Amino acid sequence: MPDGNIGQPVKRREDQRFLTGKGRYTDDIHRQGELHAYFLRSPHAHAAIKSIDTSAAKGEGVVAIFTGADMAADKVGSLPCGWTVTDRNGQPHKAPPHFPLARDKARYVGDHVAMVIATSYAAAKDAAERIEVDYDVLPANTNTAKFAKAPELHAEAPGNLCYDWVLGDEAAIKQAFAGAAHVTKLDLVNNRLIPNAMEPRAAIAEYDSGTGEYTLWSTSQNPHLLRLILCAFVLGIPETKLRVIAPDVGGGFGSKIFAYAEETACVWASKKLDRPVRWTGDRSEAFLADAHGRDHVTHVELAMDKDGKFLGLKVDTVAAMGAYLSSFATCVPTYLYATLLAGQYTTPVIYCNVKAVFTNTAPVDAYRGAGRPEATYLLERIVEVAAREMKMDPAELRRKNFIQPSQYPYQTPVALVYDTGNYEASLDAALAMIDYKGFPARKAASKAKGKLRGIGFSSYIEACGIAPSAVVGSLGAGVGLWESAQVRFNATGTVSVLTGSHAHGQGHETTFAQLVADQLGIPYENVDVVHGDTGRIPMAMGTYGSRSLAVGGSAIVRACNKVIEKGKKIAAHLLEASVDDIEFKNGAFTVAGTDKSKTMAEVAFTAYVPHKYPADLEPGLDETAFYDPLNFTYPAGTHIAEVEIDPDTGVTTIADWVAVDDFGNVINPMIVEGQVHGGIAQGIGQALLENCVYDQESGQLTTGSYMDYCMPRADDLPSFKVGLTTTACTHNPLGVKGCGEAGAIAAPPALINAITDALGVMHMEMPASSEKVWRAAQAAK
Amino acid sequence: MPTVSMTVNGQQVSREVEGRTLLVQFLRDQLNLTGTHVGCDTSQCGACVVHLDGKSVKSCTVLAAQANGAKVTTIEGLAKNGELHPVQAAFKEHHGLQCGFCTPGMVMSAVDLLQHNKSPTEHEIREWLEGNICRCTGYHNIVKAIDHAAKQMGS
Chain A
1 MPDGNIGQPV KRREDQRFLT GKGRYTDDIH RQGELHAYFL RSPHAHAAIK
51 SIDTSAAKGE GVVAIFTGAD MAADKVGSLP CGWTVTDRNG QPHKAPPHFP
101 LARDKARYVG DHVAMVIATS YAAAKDAAER IEVDYDVLPA NTNTAKFAKA
151 PELHAEAPGN LCYDWVLGDE AAIKQAFAGA AHVTKLDLVN NRLIPNAMEP
201 RAAIAEYDSG TGEYTLWSTS QNPHLLRLIL CAFVLGIPET KLRVIAPDVG
251 GGFGSKIFAY AEETACVWAS KKLDRPVRWT GDRSEAFLAD AHGRDHVTHV
301 ELAMDKDGKF LGLKVDTVAA MGAYLSSFAT CVPTYLYATL LAGQYTTPVI
351 YCNVKAVFTN TAPVDAYRGA GRPEATYLLE RIVEVAAREM KMDPAELRRK
401 NFIQPSQYPY QTPVALVYDT GNYEASLDAA LAMIDYKGFP ARKAASKAKG
451 KLRGIGFSSY IEACGIAPSA VVGSLGAGVG LWESAQVRFN ATGTVSVLTG
501 SHAHGQGHET TFAQLVADQL GIPYENVDVV HGDTGRIPMA MGTYGSRSLA
551 VGGSAIVRAC NKVIEKGKKI AAHLLEASVD DIEFKNGAFT VAGTDKSKTM
601 AEVAFTAYVP HKYPADLEPG LDETAFYDPL NFTYPAGTHI AEVEIDPDTG
651 VTTIADWVAV DDFGNVINPM IVEGQVHGGI AQGIGQALLE NCVYDQESGQ
701 LTTGSYMDYC MPRADDLPSF KVGLTTTACT HNPLGVKGCG EAGAIAAPPA
751 LINAITDALG VMHMEMPASS EKVWRAAQAA K
Chain B
1 MPTVSMTVNG QQVSREVEGR TLLVQFLRDQ LNLTGTHVGC DTSQCGACVV
51 HLDGKSVKSC TVLAAQANGA KVTTIEGLAK NGELHPVQAA FKEHHGLQCG
101 FCTPGMVMSA VDLLQHNKSP TEHEIREWLE GNICRCTGYH NIVKAIDHAA
151 KQMGS
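And the structure:
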């Protein structure tokens with residue numbers, strides 16, 4: 001197979017610029033006459049803003065200082081939440097306003113209070129220190145579980161409740177539990193995480209008073225969506241007058257999906273001052289005010305018959321929204337969470353109640369996995385605990401309850417319909433790769449050294465490729481979730497592929513070029529991929545939820561098909577044959593049963609130099625397609641972690657890690673493996689190292705830097721063993737499912753299951769720090 | 001304002017800077033060498049690693065004035081005559097980067113490691129990278145790339 005085709009580990013073309021310092025990230029861009037913005041943030045978790053005195057702050061280099069009152073005077077709107085969740089009483093969720101600059105109260109440490117704009121960043125930062133804000137400090141609550149009795153954040157949300165939502169039939173779940181031979185119960189916390197893409201968020205906004213057009217360079221995963229939110233909901237700018245460019249973006253993991261205060265304020269201020277305004281967050285600001293992830297407090301019960309067959313699952317969760325609703329916060333602990341609670345199992349009845357609550361913390365929204373890691377964690381933990389209580393092998397208990405290949409399409413009791421899968425295949429492959437049979441001998445060898453060894457499983461499923469617009473619309477989404485693509489031939493046969501998907505590490509410039517080269521039978525080198533610019537690319541929805549290939553790639557295939565259809569007409573004319581007799585294969589249009597043929601390059605040239613051309617056909621070879629998925633895709637697999645613990649120090653060493661995933665068909669296996677590695681690292685981070693902690697008294701973020709928030713480093717992690725099984729997705733043209741989030745979803749329960757197995761305890765909250773592990777090891781002595 | 005002079009990627013440069021200017025700010029803002037990145041404000045992430053007189057340093061933790069008279073090499077100065085340094089080539093070959101933001105610091109740090117340890121073990125590579133944070137790759141392919149680069153350079 002030639003280089004550039006599907007299935008080849010083609011080396012990334014992006015790498016040349018990144019490896020030589022030629023990447024072009026937002027902060028690398030400068031505009032003539034630009035000013036620097038700095039945001040004064042609330043030092044209090046909850047405080048009424050009585051007055052803001054900026055008189056001492058004005059001075060050398062300071063151009064303007066804006067507050068919430070200035071934005072209110074200009075009728076700047078609230079940052080919206082784009083998904084309406086309907087509560088158990090049929091009411092929409094409570095949606096208190098979220099102004100880019102606080103107007104009456106500050107509601108978390110890091111909330112935006114004033115914007116200082118100066119001729120240098122240092123001058124802006126210095127001036128911010130001279131602003132005097134008179135705060136009336138109020139009692140605050142950062143504890144998710146204690147929301148009900150806490151001080152009220154918003155008058156619009158009594159009891160700090162955003163919504164109380166239910167999925168499932170309460171009577172049916174009671175009946176399922178009534179018939180159970182055994183019920184396993186577990187209380188667990190899904191710890192709050194701070195995403196920490198390595199490139200801090202940044203924005204540069206420029207206004208052209210001659211044309212009335214704005215340009216925003218921003219670290220966004222979805223520039224069109226950002227444009228839509230800013231134009232339609234916040235700033236009242238026609239979409240034709242705002243161009244959003246997301247150039248090279250240094251990681252996202254969800255945190256760069258959302259519309260934030262800073263870029264909004266920069267766009268607004270750029271017109272007010274008629275000067276470009278730039279802002280680059282520092283890491284401390286990222287800790288304080290980038291949307292955080294997870295933060296669930298959950299009680300779960302699993303009902304089984306005497307043989308361990310699952311009869312029912314009941315889940316009660318309190319999910320933190322933070323102080324305000326971020327762009328898609330509401331859908332994460334509902335439609336991306338409760339709908340995944342069947343996992344890989346045939347559990348017939350599932351009931352889930354979610355209370356989403358406001359706390360004096362940074363907003364919480366989608367972070368790698370978004371709802372699915374939370375669902376997988378509780379499910380794979382309770383299955384593990386159930387196996388221990390039932391004295392069954394945890395792998396065999398899983399196997400006993402797996403949905404079987406003969407059962408697809410499989411309607412789960414939580415709305416989703418799985419199209420395909422083979423869970424036993426991935427479990428068996430993982431068991432073989434880790435040598436499960438050899439585990440008792442390895443455990444004995446560890447014991448002989450005074451070490452504790454444990455093994456832990458995670459058989460996960462996720463719903464990716466979000467999602468059929470009609471389905472998400474019926475569930476409250478404010479947008480459609482299709483994707484667009486444009487395949488544009490030039491006369492010389494080169495092709496520009498304009499995709500609505502955005503790459504911020506995923507390697508789309510390589511993968512999508514492989515895809516188009518394959519579809520059109522043209523050299524890989526002739527294909528260039530363009531992304532991240534609303535000025536060049538048709539309306540699009542962007543990258544999140546592992547959707548780029550499943551949805552964005554499908555749109556590309558559809559555009560390629562249109563190119564081929566038109567090409568057949570051109571070729572038929574050139575070959576003096578009927579269109580119906582033209583076959584397209586390997587880049588050539590051939591009259592069936594003959595050797596008469598035209599290449600794609602010849603057809604493209606003819607389309608632009610149409611001297612001999614069908615009279616009723618438009619010139620040009622430039623096709624746009626939109627693809628709305630027919631279903632979610634369902635990547636699934638089994639990860640197995642094996643750990644060795646030193647009981648004297650509490651240090652957990654990951655002795656082995658096996659991941660066997662089913663992502664459907666794969667375009668570039670090298671890139672897919674890289675995605676799996678990175679996902680696992682973030683999952684291990686959650687389970688072993690990372691934890692966002694707010695001080696319970698003051699509401700201060702105590703893990704506000706890399707000195708306090710424990711990021712996974714190279715010496716915390718092992719090398720991973722990665723394998724694939726394949727069942728092709730049945731409802732998209734490539735048979736692909738998506739691979740970006742799997743590791744982060746699968747890893748945390750695998751690791752906690754392994755650690756608790758080693759320690760002989762039923763549960764341990766994440767992160768399983770050395771201190772916690774040491775205490776458990778000492779208690780067991 | 002004081003004037004600082006140094007040799008950056010073989011070129012002699014001189015600029016007036018505020019005393020508080022960090023080396024990374026000098027490189028990025030004065031010289032437009034934007035390959036050196038800033039990923040944190042506590043000298044932890046290593047996105048800003050450059051070579052100062054041949055040794056890797058975090059350029060966010062060095063004042064421009066402290067580099068006066070020194071020889072500085074940034075990621076832009078590593079490839080010679082359009083030919084990638086073996087460490088750069090190995091990162092590409094083994095998919096040791098995704099978003100690319102930590103990459104310049106990772107590469108500069110790895111080059112320094114291989115200057116004084118020509119055949120590091122996996123454990124030594126991982127320990128050396130303690131001061132460089134990557135959020136994308138899980139380090140698996142970074143470690144693999146550095147291991148292969150060491151073998152390539154040793155052969």
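Top to bottom, those sequences are chains A and B.
Residue numbering for the first sequence is 1 to 781, as defined by my numbering.
Residue numbering for the second sequence is 1 to 155, as defined by my numbering.
By construction, the Cβ of each residue, glycine as well, lies at the ideal position given by its N, Cα and C atoms.
Being a predicted model, the structure only gives us computed values, none of them experimental.
Where I671/A meets chain B, residues with beta-carbon distance less than 9 Å: Indexing the first sequence from 1 puts residue 671/A at position 671. For I671/A, the residues of chain B that pass the 9 Å Cβ criterion are H95 and Q98, in the order they occur in the chain.
Same chain only: Cβ atoms within 7 Å of L186/A, ignoring 5 sequence neighbours per side: For the purposes of this step, residue 186/A is taken as the residue at position 186 of the first sequence. Residues V300, R381, I382, V385 and H763 of the same chain have their beta carbon placed closer than 7 Å to that of L186/A, with the five preceding and five following residues left out of the count.
Under 9 Å (Cβ pairs) to chain A, residues found in the stretch 114-144 of chain B: From the stretch 114-144 of chain B, only E122, H123, I125, R126, E127, W128, L129, E130, G131, N132, I133, C134, R135, C136, T137, G138, Y139, H140, N141, I142, V143 and K144 have a Cβ closer than 9 Å to chain A.
Pairwise C-alpha distance: S120/A and D111/A: By 1-based counting over the first sequence, the position of residue 111/A is 111. By 1-based counting over the first sequence, the position of residue 120/A is 120. In a straight line, the C-alpha of D111/A is about 23 Å away from that of S120/A.
Alpha helix (DSSP H) runs wholly inside the stretch 500-572 of chain A, at least 4 long, in chain order: Runs of the alpha helix (DSSP H) inside the stretch 500-572 of chain A: 508-520.
Bridge partners - A145/B, DSSP secondary structure assignment: Within the second sequence, the letter at position 145 stands for residue 145/B. DSSP, once it has assigned bridges, lists no residue as partnering A145/B.
Same chain, Cβ closer than 6 Å to I125/B, neighbours up to 5 away in sequence not counted: Taking the first residue of the second sequence as 1, we reach residue 125/B at position 125. Cβ contact annotation for I125/B (same chain, cutoff 6 Å, sequence separation greater than five): V143 and I146, in chain order.
DSSP state of F39/A mapped onto helix, strand, coil: Walking along the first sequence from the start, residue 39/A turns up at place 39. In the structure shown, F39/A falls within a strand segment according to DSSP collapsed to helix, strand and coil.
G68/A in three-state terms, based on DSSP: Start at 1 with the first residue of the first sequence, and residue 68/A comes out as number 68. Shown here, G68/A sits in a helix according to DSSP, grouped into three states.
Nearest neighbour of S284/A, chosen from Q506/A, I654/A, T702/A and A636/A [CA to CA]: Taking the first sequence and counting its residues from 1, the one referred to as residue 284/A is at position 284. The shortest CA-to-CA distance from S284/A to any of Q506/A, I654/A, T702/A and A636/A is the one to T702/A.
Euclidean distance between Cα positions of G480/A and G250/A: Your numbering for residue 480/A matches position 480 in the first sequence. Your numbering for residue 250/A matches position 250 in the first sequence. Cα to Cα, the separation comes out at about 26 Å.
Proximity winner among Q25/B, E18/B, T36/B and E16/B, relative to R24/A (alpha-carbon distances): Here residue 24/A refers to the residue found at position 24 of the first sequence. Ranked by Cα distance from R24/A, the first of Q25/B, E18/B, T36/B and E16/B is T36/B.
The beta strand (DSSP E) enclosing T103/B, as first and last residue numbers: To locate residue 103/B, count along the second sequence from 1; it is residue 103. Looking at the DSSP string, T103/B is not in any beta strand (DSSP E); the run it does join, the alpha helix (DSSP H), is T103 to H116.
C-beta contact flag for A72/A and R41/A at 8 Å: As a position in the first sequence, residue 72/A is number 72, starting the count at 1. As a position in the first sequence, residue 41/A is number 41, starting the count at 1. Between A72/A and R41/A, the C-beta spacing is not below 8 Å.
Straight-line Cα distance separating F605/A from E741/A: As a first step, residue 741/A must be located in the first sequence, where it is residue number 741. As a first step, residue 605/A must be located in the first sequence, where it is residue number 605. Approximately 42 Å, taken between the alpha carbons.
Outcome for D295/A when other beta-carbon atoms lying within 10 angstroms are tallied against a minimum of 16: Within the first sequence, the letter at position 295 stands for residue 295/A. Answer is buried; the Cβ neighbour count reaches 16.
Backbone CA spacing between G493/A and E525/A [nearest angstrom]: Stepping through the first sequence from its first residue, residue 493/A is reached at position 493. Stepping through the first sequence from its first residue, residue 525/A is reached at position 525. When rounded, the distance between both Cα atoms is 11 Å.
Alpha carbon of I755/A to alpha carbon of A777/A, nearest angstrom: Here residue 755/A is taken as the residue at index 755 of the first sequence, counted from 1. Here residue 777/A is taken as the residue at index 777 of the first sequence, counted from 1. It is roughly 10 Å from the alpha-carbon of I755/A to the alpha-carbon of A777/A.
C-beta atoms of T638/A and I645/A nearer than 8 Å: Translated into positions along the first sequence, residue 638/A becomes position 638. Translated into positions along the first sequence, residue 645/A becomes position 645. No.
Residue from P712/A, S255/A, F589/A and G685/A whose Cα sits closest to the Cα of P195/A: Locating residue 195/A in the first sequence gives position 195, counting from the first residue. Looking at the Cα atoms, S255/A is the closest of the given residues.
L78/B and Q66/B closer than 8 Å at C-beta: Along the second sequence, read from residue 1 onward, the residue named residue 78/B stands at position 78. Along the second sequence, read from residue 1 onward, the residue named residue 66/B stands at position 66. Against a cut-off of 8 Å, the Cβ pair of Q66/B and L78/B comes out as no contact.
Beta-carbon proximity of P468/A to L498/A, cut-off 8 Å: As a first step, residue 468/A is located in the first sequence; it is residue number 468 there, counting from the start. As a first step, residue 498/A is located in the first sequence; it is residue number 498 there, counting from the start. Cβ atoms of P468/A and L498/A: not closer than 8 Å.
For L283/A, three-class secondary structure by DSSP: Here residue 283/A corresponds to residue number 283 of the first sequence, with the count starting at 1. Reading off the sequence, residue 283/A comes out as Arg, not Leu. Of the three classes helix, strand and coil, the one that applies to R283/A here is helix, per DSSP.
K355/A beta carbon less than 8 Å from that of D164/A: On the first sequence, position 164 is the one that residue 164/A refers to. On the first sequence, position 355 is the one that residue 355/A refers to. It is a contact, given that the beta carbons lie within the stated cut-off.
Distance between S78/A and M1/A (C-alpha atoms, nearest Å): Working through the first sequence from its first residue, we reach residue 1/A at position 1. Working through the first sequence from its first residue, we reach residue 78/A at position 78. Reliability of the predicted coordinates at M1/A is poor, the pLDDT of 40 falling under 50, and no value is obtained from them.
DSSP bridge partner residues for V651/A (one or two, in chain order): Taking the first sequence and counting its residues from 1, one reaches residue 651/A at position 651. BP columns for V651/A point to D646/A.
9 Å Cβ cut-off: residues of chain B touching A681/A: Numbered from 1 along the first sequence, position 681 holds the residue referred to as residue 681/A. The answer, in chain order, is C134, R135, C136, T137, G138, Y139 and H140.
Inter-residue spacing [alpha-carbon to alpha-carbon] between A57/A and R192/A: One-based indexing of the first sequence puts residue 57/A at position 57. One-based indexing of the first sequence puts residue 192/A at position 192. Answer to the nearest angstrom: the Cα atoms are 36 Å apart.
Chain-ordered chain A contacts of C45/B [CB-CB under 7 Å]: Counted from its first residue, the second sequence places residue 45/B at position 45. Within chain A, M198 and Y706 have C-beta atoms less than 7 Å from the C-beta of C45/B, given in sequence order.
Proximity test, Cβ basis, 8 Å: K92/B and chain A: If you number the second sequence from 1, residue 92/B lands on position 92. Yes, its Cβ sits closer than 8 Å to a Cβ of chain A.
Proximal chain A residues relative to G35/B, where beta-carbon distance stays under 8 Å: Position 35 of the second sequence, counted from the start, is the residue given in the question as residue 35/B. Chain-order list of chain A residues neighbouring G35/B: T20, G21, K22 and G23, by C-beta distance under 8 Å.
Same chain, Cβ closer than 8 Å to E765/A, neighbours up to 5 away in sequence not counted: Taking the first sequence and counting its residues from 1, one reaches residue 765/A at position 765. These residues qualify, in order along the chain: L188, V189, N191 and K772.
Expected contact under 8 Å - CB spacing of N360/A and A323/A to nearest Å: Here residue 360/A refers to the residue found at position 360 when the first sequence is read from its first residue. Here residue 323/A refers to the residue found at position 323 when the first sequence is read from its first residue. Sure, about 6 Å apart at Cβ, within 8 Å.
Distance between D282/A and S14/B (C-alpha atoms, nearest Å): Here residue 14/B is taken as the residue at index 14 of the second sequence, counted from 1. Here residue 282/A is taken as the residue at index 282 of the first sequence, counted from 1. For S14/B and D282/A, the gap between their C-alpha atoms comes out near 28 Å.
Within 8 Å, strictly: CB atoms of L302/A and T184/A: In the first sequence, the residue the question calls residue 302/A occupies position 302. In the first sequence, the residue the question calls residue 184/A occupies position 184. Taking 8 Å as the Cβ cut-off, L302/A and T184/A qualify as a contacting pair.
N- and C-terminal bounds of the beta strand (DSSP E) containing E60/A: Within the first sequence, numbered from 1, the residue matching residue 60/A stands at position 60. Unbroken run through E60/A: none, as it is neither H nor E.
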